[in-house]
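Working notes, beginning with the structure itself.
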Amino acid sequence: MTGDAGSVRRALNVADLEAWVRRSAELIAEHADELTDLDAAIGDADHGANMKRGLSAAAATVEAGSFTGADALLKKVGMTLVSTVGGASGPLYGTFFLRTGGALSGRDSIDAEVLADALEAGIGGIAARGRATAGEKTMLDAWSPALEALRSHPGDLAAGVAAAAQAAARGRDATEPMVATKGRASYLGQRSAGHIDPGAASTALLLAALDDVVAGRTV
Ligand SMILES: [Mg+2]
Numbered sequence: 018m019t020g021d022a023g024s025v026r027r028a029l030n031v032a033d034l035e036a037w038v039r040r041s042a043e044l045i046a047e048h049a050d051e052l053t054d055l056d057a058a059i060g061d062a063d064h065g066a067n068m069k070r071g072l073s074a075a076a077a078t079v080e081a082g083s084f085t086g087a088d089a090l091l092k093k094v095g096m097t098l099v100s101t102v103g104g105a106s107g108p109l110y111g112t113f114f115l116r117t118g119g120a121l122s123g124r125d126s127i128d129a130e131v132l133a134d135a136l137e138a139g140i141g142g143i144a145a146r147g148r149a150t151a152g153e154k155t156m157l158d159a160w161s162p163a164l165e166a167l168r169s170h171p172g173d174l175a176a177g178v179a180a181a182a183q184a185a186a187r188g189r190d191a192t193e194p195m196v197a198t199k200g201r202a203s204y205l206g207q208r209s210a211g212h213i214d215p216g217a218a219s220t221a222l223l224l225a226a227l228d229d230v231v232a233g234r235t236v
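Each residue of the sequence shown is one higher than the one before, counting from 18 in the working numbering.
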């Protein structure tokens, strides 16, 4: 299946989700050093390398596979991330894609509402797995505003996803002054303030990748 490069999407199909995974791998690879630098400040300096390895493996799986459904594709991505991304973020991102895929069972045309419902399921998986909520300096601080922005554009996938990508970037930046209360950064207490959360930064890249696909900026 080939993507429909150059045109704005009204709904996403399986080929578009494949393009999302490929574009995510590209953006994560381009920004891997930045992610590692962020993790060096408040974690263990492996987030860039971990995410680059995981998304690269997921992109390779997508290339090699032949997926007839969005659910099968995203579940495979989730399982690949669980088995290739180390640290806390592997299970969190893995759970996100498994849950998002599960919510897309039987869907081959994903409009703004279907996407929002699926992302909400995935984000709920992150919250449950990490026992976290927004405001704790985690990837949820990028995911939560992104979902809210997507929901604010019902019936307009392109506007919704563009708004979601922008909201995720703002959410990422808003983690800088926060004191972490979840994850490894929470061990630092007050000293975790003054640094952007690396998980929120990688989440913003995944949403930027989705925006590139929806806007027709990928092949
Ligand atoms: Mg780490």
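No residue lacks a Cβ here, since even glycine has one placed at the ideal position from N, Cα and C.
Query raised in the report: Under a three-way DSSP split, which group does I127 fall into?
Result: strand
Requested in this report: Whole angstroms is fine: what's the gap from L174's alpha carbon to A129's?
Outcome: 5 angstroms
Query raised in the report: Would A223 pass as a contact of S41 if the rule is Cβ separation under 7 angstroms?
Result: One point to set straight first is that residue 223 is Leu, not Ala, in the sequence displayed. Cβ atoms of L223 and S41: closer than 7 angstroms.
Query - Coil, strand or helix - L29 by DSSP - result: strand
Query raised in the report: Can you check whether the CB of G216 is closer than 7 angstroms to the CB of R155?
Result: Position check: residue 155 holds Thr in this sequence, whereas Arg was assumed. Taking 7 angstroms as the Cβ cut-off, T155 and G216 qualify as a contacting pair.
Requested in this report: Note down the Cα distance separating G23 from G141, rounded to an integer number of angstroms.
Outcome: 33 angstroms
Query raised in the report: So, is E80 buried or exposed, given that buried needs 16 or more other C-beta atoms within 10 angstroms?
Result: exposed
Requested in this report: Measure the alpha-carbon distance for A179 versus L98 and round it to whole angstroms.
Outcome: 25 angstroms
Query raised in the report: Beta carbon of V94, beta carbon of V38: below 7 angstroms?
Result: yes
Requested in this report: Confirm the yes/no value for this check: CB of H48, any heavy atom of ligand 1, distance under 6 angstroms.
Outcome: no
Report task. Could you tell me how far apart the beta carbons of S219 and M68 are, in whole angstroms, since I believe they sit closer than 8 angstroms? Result -> 5 angstroms
Report task. Thinking R146 and T112 are a contact (beta carbons under 8 angstroms), I'd like their distance in whole angstroms, please. Result -> 5 angstroms
Query raised in the report: DSSP three-state call for F114: helix, strand or coil?
Result: helix
Requested in this report: Answer yes or no: do T85 and E153 have a C-beta to C-beta separation smaller than 7 angstroms?
Outcome: no
**Report entry** ligand 1 heavy atom lying under 6 angstroms from the CB of H212
**Finding:** no
Requested in this report: Just the C-alpha distance for A186 and I45, rounded to the nearest angstrom, thanks.
Outcome: 14 angstroms
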